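Protein sequences, first through last, are from chains A and B. Quick note: the first sequence, position 300, residue 300 per UniProt numbering, numbers continuous. Quick note: the second sequence, position 237, residue 237 per UniProt numbering, numbers continuous. Shown next, in structure tokens, is the structure this report addresses.
2 protein chains.
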Amino acid sequence: MPDIAALSAALAGIEQSDDAALLRQKSRDFYWYSPVLKAQLDGKRADLWVRPANEAEVLRVLVAARSAGVPVTVRGGATGNYGQCVPLNGGIVLDTTAMTAPIGITDGVLEAEAGARMIDLDLWARDRGWELRLWPSTKRTATIAGFVAGGGAGVGGIAHGTMRERGNLNGVRVATLQDPPALLDLDGDAAAPVNRTYGTTGVITRVRIPLVPAQAWRDMAVTFADFSDAARFALALAFADGIQKKMAGVFDARLPPFFRGLADAVPEGNALVLAMIAPSGLVAFRDLVREHGGTIVADQDTVAAERDPDATPFYEYCWNHTTLQVLKRDRGVTYLQCRFPFEDTLRAVEAVRAKFHDEVWMHTECVRFGGRTTMTALPVIRWTDEARLNAIMAGFEAEGIGIANPHVFTIEGGSGYRRVPGDQLGFKRRVDPLGLFNPGKMASFDAPETDAA
Amino acid sequence: MPDIAALSAALAGIEQSDDAALLRQKSRDFYWYSPVLKAQLDGKRADLWVRPANEAEVLRVLVAARSAGVPVTVRGGATGNYGQCVPLNGGIVLDTTAMTAPIGITDGVLEAEAGARMIDLDLWARDRGWELRLWPSTKRTATIAGFVAGGGAGVGGIAHGTMRERGNLNGVRVATLQDPPALLDLDGDAAAPVNRTYGTTGVITRVRIPLVPAQAWRDMAVTFADFSDAARFALALAFADGIQKKMAGVFDARLPPFFRGLADAVPEGNALVLAMIAPSGLVAFRDLVREHGGTIVADQDTVAAERDPDATPFYEYCWNHTTLQVLKRDRGVTYLQCRFPFEDTLRAVEAVRAKFHDEVWMHTECVRFGGRTTMTALPVIRWTDEARLNAIMAGFEAEGIGIANPHVFTIEGGSGYRRVPGDQLGFKRRVDPLGLFNPGKMASFDAPETDAA
Chain A
1 MPDIAALSAA
11 LAGIEQSDDA
21 ALLRQKSRDF
31 YWYSPVLKAQ
41 LDGKRADLWV
51 RPANEAEVLR
61 VLVAARSAGV
71 PVTVRGGATG
81 NYGQCVPLNG
91 GIVLDTTAMT
101 APIGITDGVL
111 EAEAGARMID
121 LDLWARDRGW
131 ELRLWPSTKR
141 TATIAGFVAG
151 GGAGVGGIAH
161 GTMRERGNLN
171 GVRVATLQDP
181 PALLDLDGDA
191 AAPVNRTYGT
201 TGVITRVRIP
211 LVPAQAWRDM
221 AVTFADFSDA
231 ARFALALAFA
241 DGIQKKMAGV
251 FDARLPPFFR
261 GLADAVPEGN
271 ALVLAMIAPS
281 GLVAFRDLVR
291 EHGGTIVADQ
301 DTVAAERDPD
311 ATPFYEYCWN
321 HTTLQVLKRD
331 RGVTYLQCRF
341 PFEDTLRAVE
351 AVRAKFHDEV
361 WMHTECVRFG
371 GRTTMTALPV
381 IRWTDEARLN
391 AIMAGFEAEG
401 IGIANPHVFT
411 IEGGSGYRRV
421 PGDQLGFKRR
431 VDPLGLFNPG
441 KMASFDAPET
451 DAA
Chain B
1 MPDIAALSAA
11 LAGIEQSDDA
21 ALLRQKSRDF
31 YWYSPVLKAQ
41 LDGKRADLWV
51 RPANEAEVLR
61 VLVAARSAGV
71 PVTVRGGATG
81 NYGQCVPLNG
91 GIVLDTTAMT
101 APIGITDGVL
111 EAEAGARMID
121 LDLWARDRGW
131 ELRLWPSTKR
141 TATIAGFVAG
151 GGAGVGGIAH
161 GTMRERGNLN
171 GVRVATLQDP
181 PALLDLDGDA
191 AAPVNRTYGT
201 TGVITRVRIP
211 LVPAQAWRDM
221 AVTFADFSDA
231 ARFALALAFA
241 DGIQKKMAGV
251 FDARLPPFFR
261 GLADAVPEGN
271 ALVLAMIAPS
281 GLVAFRDLVR
291 EHGGTIVADQ
301 DTVAAERDPD
311 ATPFYEYCWN
321 HTTLQVLKRD
331 RGVTYLQCRF
341 PFEDTLRAVE
351 AVRAKFHDEV
361 WMHTECVRFG
371 GRTTMTALPV
381 IRWTDEARLN
391 AIMAGFEAEG
401 IGIANPHVFT
411 IEGGSGYRRV
421 PGDQLGFKRR
431 VDPLGLFNPG
441 KMASFDAPET
451 DAA
């Protein structure tokens, strides 16, 4: 049992608290989307919350933690869904949200402090003629380092892939638990060991990401009598290189009634497509809608909606906000994350829709991986029990659909590949020899006998 | 035989000439890349050259031509390679190069007069924060309407596809040979009937094309010991969504010695990749170069090179300028245009490289079609005779490689599909019932019995 009082004293001058209610709050994320994780993670709690104001304070925290042998779990906006920032073994939760400065834009690359919220960075960049390539549906609360360390997919994926696509992360500065703790600057490929490792490979203090030149975006809502027509339209849009877009999500007719502010525009029983389109593409977009028999039922300026506290940009119905919109009114559901094959994508979608029609409310998002276009799905699932959930996942996999299981808290378990890349494990061993960064999350480090690297 | 003197008199006040030397010059394009076309088209000549200053003058020309039953062949920058603007049956050559005004940019869509040069439009747009998506290697002389009517592929294709990709042409205004001649405004899909029809379906007077927000570009030259490594690198770059790029061309080691201004940088016997990369992507680009064993031997600011009359932007070694660079010093070559399959792209490249090693100097360009990435090739071919050229083309096709034959002057013959879309033929019948627009170029109109529409 660590001596928290001594640790606290050693960190005097750094914002901190050991208040029980605060520690409970600061030890959670959105893992409760998963009844499986809820059972496993409820009650997990840090012993001390610290919120360093700068890199020097981060290093002080790490020196003290190393000296005391206390785990350090990094926390950003805590918008993750797999317990990424839930400390399994107590210790310190290191909150990055006091380090929020955008530092600058050089040659289209934004450098920012770890805890900057993505909405703030995007609006700051936009004032300077640039915009983010990618953001999560939780853009209003997610931090940039949290997106790198625990997310990485979302809006913009239809054009730019994920944060793991080479070139979408230019570099990071990371604080280590070496002897002594140090700051490392990692560029390009060298930054891969901190990409989606849930803070197990260091405390990211700065992030460098490439931007794209800013332009206006138009939120478009299109309805279809059938889901299959909606999906065919969305995938055709994804392949339409002449139409610049940032998003195309497809929703089973049972989902739009949960979309407050948009539900009234969608006729009952209709499937819905939500898209973000550059204004220059609207002529072609309307041609494509007409060709596929869709009806445009709502549209708005995305950025204006984003800046208006009373409005909802359509991306807040998309990606994992879809599940949240339902959970707000019905706690009897959960969700899945899956990736459809590149070939015969729609056949695979229809196969699992038919197989699990009553309990799977399909929701797909068009996305690129490795330069190729397909759909991912974050369907809403009527919860029965874990055995049934596993049966549904097996049913998806039987159709050639990859599952990135959101009901496990290890990096490996949640990965489509069931492992971490070798360079991440090697890097972890180098920068965290004592295994104090978010212990229990990188399974192949915690159980070296299963190391496949 | 038309009464040219009467026609000329009817067009008094419009810039015109019947000077023989001028008519010879204004009846040609770059068809002489092809010895086959050279034999067929040399000596073809218009009877009257007219250069209308505005749409009203265009309509006056068309009224007079219709009345006299005289053919009208539209000419822009005359940078085409298939005799697109060579009048087969005399008549009027209608030169658009006096109509050059950029009209405006609305919601990212540029409207311009037909004869505006692409370089001028791009620099004009860039001053306003936008840039062209696509341009030919002849950007300095090609006109926007000529690119729509007779080109449509080139730099930018690695990101945006071709001008035939839905969304890359927002609309046109076109003058017809109906009774009476009229101006039609066509938006989106409705503009497809004038897309790459060589002026057989009307005189484009205005073009509306979508732009993208401007950014800086970096010309990068990378050498490799082997062509196959260069090709593998270029295709990996094409699939790297995290790296924004506008071009990636691959050149057999026999080609760079013809690239004045760049040849000295390329070690003898080395294959070359030329790319245009956004500055934000350079970190990842260098990682990719290193991974593939390449060496960066030259780089420059693309736009600065474009504005410097003594410099050569790298795109002027690419696309069909590659062939031109060789022809400047060796008239014993010609070229091909082909598209490699989406799957096993590099295998097909290597197969024809091996099969025709001595007489085919391979040159590929990465490009997207229908949302998928592959390579096209514009290899330089050592000329023997037409029979050997046909044998080479057959050898390419036997490997699953599509040929867009640049040695024929009809739309259908030069298309990968060997036909025009039905809507183009129907539109032609409507707007040119007398068949006076560039007769002989749309074979399925001129020989209706072969109409497959």
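Just so it is clear, CB atoms sit at the ideal spot from N, CA and C, and this is done for glycine as well. Keep in mind that this is a model prediction, so the values were computed, not measured.
To the nearest angstrom, how far is it from the Cα of residue i to the Cα of residue j?
i	j	result
P136 of chain B	Q40 of chain A	60 Å
M375 of chain B	T345 of chain B	7 Å
D187 of chain B	N168 of chain B	12 Å
A452 of chain B	A298 of chain B	Residue confidence is low: A452 of chain B scores 44 on pLDDT, short of 50, so the model does not pin down where it sits. Its coordinate-derived value is still stated next. Distance between the alpha carbons of A452 of chain B and A298 of chain B: 50 Å.
T450 of chain A	V431 of chain A	For T450 of chain A, the predicted model reports a pLDDT of 47, less than 50, meaning its position is unreliable; a value from the coordinates is still stated below. Each residue's Cα considered, the two are about 20 Å apart.
L59 of chain A	P180 of chain A	9 Å
V72 of chain A	A21 of chain A	19 Å
F227 of chain B	E268 of chain B	13 Å
G43 of chain A	A348 of chain A	39 Å
C338 of chain B	G370 of chain A	25 Å
A404 of chain B	D219 of chain B	28 Å
I144 of chain A	C318 of chain A	19 Å
W32 of chain A	E386 of chain A	14 Å
T106 of chain B	E291 of chain A	25 Å
R429 of chain B	Q300 of chain A	41 Å
G395 of chain A	F340 of chain A	13 Å
Could you name the residues of chain B that residue i contacts, counting a contact when the two beta carbons are closer than 8 Å?
i	result
A240 of chain A	E165, R166, G167, G371
I243 of chain A	R166, G167
D187 of chain A	V283
Is there at least one non-hydrogen atom of the ligand HEM closer than 7 Å to the beta-carbon of residue i?
i	result
A447 of chain B	In terms of ligand content, the structure shown is empty, and the ligand HEM therefore cannot be addressed.
Please list the partners that residue i has in chain B, where partner means a Cβ-to-Cβ separation under 9 Å.
i	result
L132 of chain A	Simply none; closest approach about 12 Å.
D287 of chain A	R166, G167, D187, G188, D189, A190
In chain A, which residues lie less than 8 Å from residue i when you measure between Cβ atoms?
i	result
N170 of chain B	S280, V283, A284
G161 of chain B	D241, G242
R368 of chain B	D241
Using a cut-off of 7 Å between C-beta atoms, extract the partners of residue i located in chain A.
i	result
V109 of chain B	S280
P136 of chain B	Near P136 of chain B there are no residues of chain A at all, since even the closest Cβ is about 17 Å away, more than 7 Å.
Residue i touches chain B at which residues, Cβ-Cβ below 7 Å?
i	result
A214 of chain A	P213
P210 of chain A	S280, G281
Can you round the beta-carbon distance between residue i and residue j to whole angstroms, since I take them to be within the 8 Å contact cut?
i	j	result
D29 of chain B	V86 of chain B	6 Å
I381 of chain B	V360 of chain B	6 Å
G129 of chain B	P213 of chain B	6 Å
A101 of chain B	T205 of chain B	About 11 Å separates the two Cβ atoms, so there is no contact after all.
L211 of chain B	L134 of chain B	The pair is not a contact, with the Cβ atoms about 10 Å apart (cut-off 8 Å).
T96 of chain B	T141 of chain B	The Cβ separation is near 13 Å, so there is no contact.
Grab me the residues of residue i's own chain with a C-beta within less than 8 Å of its C-beta, minus the 5 sequence neighbours each way, in chain order.
i	result
D358 of chain B	R382
D446 of chain A	G435, P439, G440
G150 of chain A	G76, G80, Y82, Q84, C85, R196, Y198, G199
N170 of chain B	V109, D187, G188, A191, R208, I209, P210
For residue i, collect the residues of the same chain with a Cβ closer than 7 Å to its Cβ; drop the 5 residues on either side in sequence, then sort them by chain order.
i	result
N320 of chain B	N81, S137, L378
P35 of chain B	T334, W383
T373 of chain B	A238, F239, C366
A265 of chain A	A221, V297, A298
I4 of chain A	D18, D47, L48
V252 of chain B	Looking at the sequence itself, residue 252 of chain B is Asp, so the reference to Val does not match. So the list reads F227, A271, W361, M362, H363, once near-sequence residues are dropped.
Near residue i, which residues of its chain fall below 6 Å by C-beta distance, leaving aside the five closest residues on each side in sequence?
i	result
E306 of chain A	P313
T295 of chain A	T223
Quiz item: Quick one: any contact between the segment 121-138 of chain A and the segment 59-68 of chain A, if contact means 3 or more CB pairs under 8 Å?
Solution: no
Self-check item: Inter-stretch contact (C-beta, 8 Å, three-pair minimum) for the segment 187-202 of chain A and the segment 429-441 of chain A
Solution: yes
Exercise. Would you check if there are 3 or more beta carbon pairs closer than 8 Å linking the segment 306-319 of chain A to the segment 272-285 of chain A?
Key: yes
Quiz prompt | Where the segment 417-451 of chain A meets chain E: residues whose CB sits under 9 Å from a CB there | solution = Chain labels in this structure do not include chain E; the protein chains are A and B.
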